[in-house]
Structures are given as structure tokens and as C-alpha cells.
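Reading through the C-alpha cells given below for one structure.
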Amino acid sequence: MSYEKEISEKIDKNEPLPEKLEISVLKYFWQSNPIMGKKVDSIPKFLRKIEVLKNFTENELRILAKFLHLRKFNAGERIFNQGELGVGFYFIYSGYTDLVVGEEIKNEATGERKPGHIITLEKYDYFGELALLQQNSTRNATAISRQGCDLLGLFKPDVDQLINIYPLIAAKLLQSVSLIVANRLFSLTREVQELKYKISTMENNASS
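If you want it as C-alpha cells, here you go:
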């Protein structure tokens, strides 16, 4: 079972979600961890470097950080599967995450099976934003931890709580998430138009 599937079941059963971040404790943990080094960003500092949150004030980032959940994933662990109900929006705090789209393809020569398509995301990247905007949205890709990663997750109940307590920050966040979706839709539309143009050019050349 994927991590997000577990979260989704907790939401359905009205069970408590994993503990939210305790900033002072978390900051101490990261700074005292010799593996991570001494210059690891605090969570608000990390959020400041994410492009889509650039219009947030320092205080707004500190407040937002308190609604996030930190989760360490092992190599190969699944965050969510394609087709599952989406309930979370994720920031990559460290490591890499693969987004796999489509069925596996078998290499007839070697017998090796590989995913149909992979996009690799790294620190400061984000994914899963559509889950915060659409009711009952399903994942159009599978997210898998590559060599281990740390993610900061924000789930629908967290957003509901944010709306009740800090409505202006919630509105700002949802506006930023909407901008992500709009930009990705624009990029996809442009790619489709370019593809149509190339196909049209090839057809014209073939007929002449």
C-alpha cells in the first residue's frame, strides 16, 4: 500500500493524521544530524526558495510550515500510485522522486522491464498539487522515492484547518497552487500545438 493510500484511509475514517512539524525540534534534529550536515535549511527557509511561494512573507511561511508533515521514504518506496485518489501536495526537502507514467515496457532482448516514462524531481521541486483543488481527483502518475527522499506533505484536512484559522494564508496558498496548474496546462497546450505543427509539416512534405 502506498503512503498516500494510508493517509486517504485515515481521512475517510476520521483518524488523526501523522504529527505536524514541530519547528524547533525539527530544526535541532536536522542540525544535529551529522549525515545531513550543519547548514541544512530550516523549514521556513526551505520554503522561501520554492518559486511558487515567493509571494509569501516570512511570517506566512512560518505559519504554513506548522501545517506540513515530514516523512522520510526509503529507496523504491511508493508515495502514491497512478489511479489512486489524490489527497496531498508534496515538496521535496531532500533526495529525488520519480514520477512514472504508463505501463511497464519489456525489453525483448534482455527481458528487463522498465517504466513507460519517468520524470525525476529533486530538492525544491513539488508535485501532487491538483489534489488540493479538485474533489476526488485521481493520480495520473505513480510517485516513487529514488534512493531515499524526505518530503513535506500538506493534506486536504490541513488545508481545511488552515482556511478556518488563517483564511488569508489559505487563499494565498490555493492561488499559488492554481498558478502551478495553469502554468503546467499552458506548457502542455504549447507542446501539443508544436506536435500538431510537426505532424502537419510531415504530412505536407509526404504529399508533395
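By numbering that gives the first Met the number 0, the letter at position 36 of the sequence shown is numbered 35, and the numbering carries on one by one without gaps.
All C-beta atoms in this analysis are idealised placements derived from N, C-alpha and C, irrespective of residue type, glycine included.
If you're wondering where the values come from, they're calculated on a predicted model, not measured in any experiment.
Rounded to whole angstroms, what is the Cα-Cα separation between residue i and residue j?
i	j	result
lysine 19	isoleucine 117	30 Å
phenylalanine 88	aspartate 124	11 Å
lysine 48	alanine 64	13 Å
threonine 137	leucine 131	11 Å
serine 23	isoleucine 164	The predicted position of serine 23 is uncertain, since its pLDDT is 43 and thus under 50; no value can be drawn from it.
lysine 155	phenylalanine 79	15 Å
glutamine 160	leucine 167	12 Å
glutamate 8	lysine 53	33 Å
asparagine 204	asparagine 135	45 Å
arginine 61	phenylalanine 45	11 Å
leucine 133	threonine 119	Per the sequence shown, the amino acid found at residue 133 is glutamine instead of leucine. Distance between the alpha carbons of glutamine 133 and threonine 119 is about 24 Å.
glutamate 14	serine 41	29 Å
isoleucine 10	glycine 127	17 Å
asparagine 73	glutamate 59	31 Å
Here's the rule I'm using: 16 or more other beta-carbon atoms within 10 Å means buried, otherwise exposed. How should residue i be labelled?
i	result
proline 43	buried
glycine 101	exposed
lysine 38	Since pLDDT at lysine 38 reaches only 36, below the 50 mark, its modelled position is unreliable, and the value read off the structure follows with that caveat. Exposed.
Assuming the contact rule is C-beta atoms closer than 8 Å, residue i and residue j should be a hit. Round their C-beta distance to whole Å, please.
i	j	result
glutamate 83	lysine 4	6 Å
glycine 85	leucine 16	At roughly 15 Å, the Cβ-Cβ gap does not stay under 8 Å, so glycine 85 and leucine 16 are not in contact.
aspartate 157	leucine 69	So it is not a contact: roughly 13 Å between Cβ atoms.
alanine 169	isoleucine 162	4 Å
Taking the alpha carbon of residue i as the point to measure from, which residue in the options has its own alpha carbon closest?
i	options	result
leucine 172	Phe66, Ser1, Pro17, Ile91	Phe66
arginine 77	Leu151, Glu59, Gly147	Gly147
isoleucine 6	Leu178, Leu153, Ile162, Pro166	Leu153
leucine 177	Ala74, Val51, Ile10	Residue 177 is actually serine in this sequence, not leucine. Closest option to serine 177, Cα to Cα, is Val51.
lysine 71	Leu167, Leu151, Ile168, Ser175	Leu151
serine 1	Asn135, Leu120, Gly75	Gly75
lysine 122	Tyr92, Gln133, Asn139	Tyr92
glutamine 174	Glu14, Ile10, Phe55, Leu46	Phe55
Within the present structure, is the beta-carbon of residue i separated from the nearest heavy atom of the ligand MN by less than 7 Å?
i	result
asparagine 13	The ligand MN is not part of the structure shown, which contains no ligands of any sort.
Subject >> At least 3 beta-carbon pairs within less than 8 Å: the region 85-104 vs the region 130-144 >> reply: yes
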